[in-house]
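Protein chains in written order, with the working numbering: chain U, 213 to 508; chain P, 44 to 351; chain C, 68 to 426; chain B, 787 to 1147.
In this text, a Cβ means the ideal position worked out from N, Cα and C, and glycines have one as well.
All values derive from a computational prediction rather than experimental measurement.
Written out below as structure tokens is the structure these notes cover.
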């Protein structure tokens, strides 16, 4: 049955609306305001139009940070999504091990992000870290502070360590919600393991996978604290992602105009790409006539 | 309702015996003994290997941190040991002996709790509205809420600072809690809406037909029904607020400085006291671990956001 | 007394309920019969006050209740899905409407015990509904509706999700339980057989309209139109298009019998219930038709024989066990006195005479 | 196709069953003949689904064996048993079209493409789904989805058996008629062994050649619909089959005479001597309601509570000495003001401890 139409429902939404409006719209207006203005200090501002936008979009600094971010998000998604699915598929479905697995896997998600950076900083150092020391031991000269490739490897490893569990938990919750009858029917239909995955598990996970992809994309695209602590954006600017650059510009150099313009562009890119993921994934394998109910 | 007389004479008619229900429930859960995927290939030992390896990978860095937290600084720097050779609690003593250290924990917990309470209390009615009614602009509103989750904290750091400065809220717990609401409220609404939609609307209607007023129904019937959803939403609010650093650091100077921000101090401190840093890190993991332990039975359901 | 005056409900562009006028007497049992999506539930929701009609008026004892919220109305409702408060015990579930009404402790206690006894729930009062079987859950919901002593009790396919035998027992019990409270009972069902067993009055529904309202057995025996007749038939009604020419009804090139003289010539639909078709020749004026057997179903006491007669598929219901083979050619026998005749618009123009009327 | 033998089969969901109460399925020995249409009938919780899942291999029994013909399949997985099963709620593959859904079990077994196409289009035809063949299955309504589930079971021609677990639960009443008839026709056409689980007696009786009635994990009777109707071996069967169920009244038996409700009725057949009270069972269909004056000595005075006119017939519900009594009378009969019930002696069954007592000879 359809939900009834009732505008009085707005009373329920009002607190959320007020709260979020105050903490989102006012700051956002500030940002927008700055992005169109220039200053010579002393709180004197004048209209700068789209100048900052043009500057930001044309700057190599922004472009390379954006490219780094895109590459990083792509690598993260390509590793974490399949890995997360695979681990979720292999997890036990009942018994005490479920709780043990879930608790241990969720642990990295609840560690403050800078501590995550610290943990990996300590773990990866070749003088005092288990990982760095072990790599030295097998003859690899590991120094992520000097090598661009190595710094990327450790940042990606850290993110995989930090966030794959989110994908696992999402997929797992999707998997356990599949009624037993589907597996039984598949066994009776003689379906192979692969076909069960392809025709039952994957379609039934579509919704949670959408959430996983969106969350992982957004968060990896916004990543700030962990690489900031781990590599400080270096060596050079090899791991300087958009957020790191933005904070450097806004708070470090106090270039409010360009920083604000960059914020807006940054935000819009995330919105756009999220929308693309959303549209592609909800329409995948679905006719226009029969959209899933998750569509809202 | 076998009734009396003739029917009763048929002896074996089902009144409500407990054996009957036991059987019924047993029957509703058929084939539980053979794993759903048994016979579909895949050695079960090999299957157990994958999560095991993954957990080992997760635990190693954490283990290393714990290991270090029990070592003296010179053992950390000069030798390489898999276990502390001279286990010490000195690093923890440093933290618990210095208010600027342990105060950070208290500050963090205060704003996390405020944030969780505020987020949930505004999200509950909103989620109810979204799950039960259509109204003017509902879809746009819902989408707009979610876009806030997509806003990079870095974008908001500076304007937040200015906004809260204007209200004189800088360096207060409330400031951080309110700022985090921007990210947590949309998520809480989303999660709760999912759980609420899993509750049949007929239950609401039955309550209204029975004569319940809305507040009474909401508190007495509805909230207990979605208790697990509230738990999960609280978990997510806690999680974000506890782990976030950028905004928390920007909005605080000394009085409400979160532990994670206090920690960054040692990073640049002279001679890097690795042992204390590790101990502080270990202590930041503990609240999270406790929270997970309490919601462990809801995690699987919670991540499905109440419906799949 | 509940009156619906010209009630209609539109949602978006769709009409859920159209022009329904009904008067339900106090203490009566009223059945809403129709297939899924015929509007039974929509109509009940309007009666309960859960939805507001977009037109028309609803009066309770002569007074319009449109402006009154569902909380303030004297109404109880039981759904097809077993709806209870999952977090409350069975006892608290049953007690809940009385607690809200502010009844005193002693009254609540005795009423709950009484209802529990009537519905065989005494042993289960301390459990929560999700630990009960489906039948017990529904009995809990019924007990809650019972103790409320509402003027209007709405049961929306309350037995549809229960076992066959359980259904039979509860069905017998239900009207009696609520009759004692003097409530207006409204009972929705998709099954004609259930409507007949319950008796009372029946409103047949199709596409949001009430097609006929009257004593159940009268609606069954004298449906106003073909649609109602088909809705109210289990096993399905046998129909065939016929042509009236002069004094005869003709099916293809075969004479089916004399036609009522008052009718104009033209196309009609003839209908006959399966139990009025026989394998034995017998009654006076009997008519034989050759058919071919498609399949047979034997219930032990009766046999359903599915036959085809040219393009028409018919069902013959006979007492006892008859074994006939698929593909076998048979003669079926019918008494033209048992014919229903519907005109080209589907309106009844002739119904069979009932024996009890003759008596 | 195969004959299916259950050899001392029993099942318990608890790992260490201690008493009979722990068994969801008590010991059963039975052989399902090749090509038969069987129904497993009983209230919920009687163990019928358990038995079905053991036959299909989704569940392995606690003890006993299952043989397909002479082959022991107890340890075989469902796919190796080569059976088809249709579940209570529709199971469809969301991402596939209707036709692909039907082709799926065939393709999995390596049936040739041309043969698959032929069978699928036949099945689409049979189920009236041809127009929907190219649609994605997820957009269909419950009726159609369940038809696809049925189709996936029926499309396989070489199965040992087709098992149905309350397949018509989600189907609208008028559609139920059609699908039931369809199943029956398909059975006649292909002569598969079919086993059909249901709690609905009409479905069971109309579908099956032989009905297995179960109660509390036990098989209480296996018989043809006529046998279940005429000679229920247990009062539960008498009650469970038939609507309304059989009247059960306390009485005594001596030789060929039963005493019930203070009347003696000569059954015309001799029973073994039983000292203790027995029960007699008589179906409402064989109770006539007469005017008391005309009923003679065999008439039992009956106070009529209600008469339910359900069109085809009337159900008279009343009380006699010894209990409640239901009678079914013809639509054209009327109920007399002072009524007496007359039992058809040939249709009276005698029960001792709820079990049927047969006459000698």
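What's the call for residue i, buried or exposed, on a 16-neighbour Cβ count within 10 Å?
{"i": "residue 461 of chain U", "result": "buried"}
{"i": "residue 798 of chain B", "result": "buried"}
{"i": "residue 162 of chain P", "result": "buried"}
{"i": "residue 69 of chain P", "result": "Unreliable positioning characterises residue 69 of chain P in this predicted model, as indicated by a pLDDT of 37, which lies under 50. The coordinate reading is nonetheless provided below. Counting Cβ neighbours within 10 Å, residue 69 of chain P comes out buried, since at least 16 surround it."}
{"i": "residue 340 of chain P", "result": "exposed"}
{"i": "residue 268 of chain C", "result": "buried"}
{"i": "residue 990 of chain B", "result": "buried"}
{"i": "residue 1118 of chain B", "result": "exposed"}
{"i": "residue 416 of chain U", "result": "buried"}
{"i": "residue 265 of chain P", "result": "buried"}
{"i": "residue 92 of chain P", "result": "exposed"}
{"i": "residue 970 of chain B", "result": "buried"}
{"i": "residue 66 of chain P", "result": "Because residue 66 of chain P carries a pLDDT of 36, less than 50, the predicted location of this residue cannot be relied on, and the following value inherits that uncertainty. Buried."}
{"i": "residue 451 of chain U", "result": "buried"}
{"i": "residue 237 of chain U", "result": "exposed"}
{"i": "residue 312 of chain P", "result": "Bear in mind that a pLDDT of 44 at residue 312 of chain P, under 50, signals an unreliable position, so the number given afterwards is only what the model happens to contain. By the neighbour-count rule (16 or more Cβ atoms within 10 Å), residue 312 of chain P is not buried but exposed."}
So the alpha helix (DSSP H) residue i belongs to, where does it begin and stop?
{"i": "residue 284 of chain U", "result": "272 to 302"}
{"i": "residue 223 of chain P", "result": "216 to 240"}
{"i": "residue 174 of chain P", "result": "142 to 175"}
{"i": "residue 933 of chain B", "result": "928 to 940"}
{"i": "residue 326 of chain U", "result": "325 to 336"}
If we call anything under 7 Å between Cβ atoms a contact, is residue i one with residue j?
{"i": "residue 1090 of chain B", "j": "residue 1102 of chain B", "result": "yes"}
{"i": "residue 1088 of chain B", "j": "residue 1127 of chain B", "result": "yes"}
{"i": "residue 454 of chain U", "j": "residue 281 of chain U", "result": "yes"}
{"i": "residue 298 of chain C", "j": "residue 123 of chain C", "result": "no"}
{"i": "residue 264 of chain U", "j": "residue 470 of chain U", "result": "yes"}
{"i": "residue 263 of chain C", "j": "residue 213 of chain C", "result": "no"}
{"i": "residue 158 of chain P", "j": "residue 284 of chain P", "result": "yes"}
{"i": "residue 242 of chain U", "j": "residue 202 of chain P", "result": "yes"}
{"i": "residue 178 of chain P", "j": "residue 221 of chain U", "result": "yes"}
{"i": "residue 343 of chain U", "j": "residue 349 of chain U", "result": "no"}
{"i": "residue 831 of chain B", "j": "residue 795 of chain B", "result": "no"}
{"i": "residue 87 of chain C", "j": "residue 104 of chain C", "result": "no"}
Might you give, ordered along the chain, the residues of its own chain that have their beta carbon closer than 7 Å to the beta carbon of residue i, omitting 5 neighbours on each side?
{"i": "residue 151 of chain C", "result": "160, 196, 204, 207 and 208"}
{"i": "residue 226 of chain C", "result": "234, 237 and 238"}
{"i": "residue 75 of chain P", "result": "For residue 75 of chain P, the pLDDT reaches just 35, beneath the cut-off of 50, and the residue's location in the model is therefore unreliable, although a value from the coordinates is still provided. Excluding residues within five positions, none has a Cβ falling inside 7 Å."}
Could you please give the first and the last residue of the uninterrupted beta strand (DSSP E) stretch that includes residue i?
{"i": "residue 980 of chain B", "result": "980 to 984"}
{"i": "residue 405 of chain U", "result": "Note, residue 405 of chain U: premise wrong, no beta strand (DSSP E); alpha helix (DSSP H) at 405 to 408."}
{"i": "residue 90 of chain C", "result": "81 to 91"}
For residue i, which residues from the same chain have a beta carbon less than 6 Å from its beta carbon, with the 5 sequence-adjacent residues on both sides left out?
{"i": "residue 876 of chain B", "result": "931, 932 and 935"}
Looking only at its chain, what residues have a beta carbon closer than 8 Å to the beta carbon of residue i, apart from the 5 residues adjacent to it on each side?
{"i": "residue 348 of chain C", "result": "355, 398 and 400"}
{"i": "residue 405 of chain C", "result": "339, 340, 343 and 419"}
{"i": "residue 333 of chain C", "result": "310, 311, 410 and 411"}
{"i": "residue 175 of chain C", "result": "162, 165 and 166"}
{"i": "residue 33 of chain P", "result": "It is not possible to answer for residue 33 of chain P, since the shown part of chain P is limited to 44 through 351."}
Item to check | Contact residues within the region 376 to 396 of chain U, judged by C-beta distance below 7 Å to chain B | outcome: 393, 394 and 396
Item to check | Interface positions of the region 225 to 254 of chain P facing chain C (Cβ-Cβ less than 7 Å), listed along the chain | outcome: 243, 245, 246, 248, 249, 251, 252, 253 and 254
Item to check | Residues of the region 1017 to 1051 of chain B with Cβ closer than 9 Å to any Cβ of chain C, in chain order | outcome: 1025, 1026, 1027, 1028, 1029, 1030 and 1031
Checklist entry - Of the residues that make up the region 146 to 159 of chain P, which ones have a beta carbon closer than 8 Å to any beta carbon in chain C? => result none
Checklist entry - Taking Cβ-Cβ distances below 7 Å as the criterion, which residues of the region 967 to 986 of chain B are in contact with chain C? => result 967, 970, 971, 974, 985 and 986
Checklist entry - Taking Cβ-Cβ distances below 9 Å as the criterion, which residues of the region 398 to 417 of chain U are in contact with chain B? => result 398, 399, 400, 401, 402, 403, 404, 407, 410, 411, 412, 414, 415 and 416
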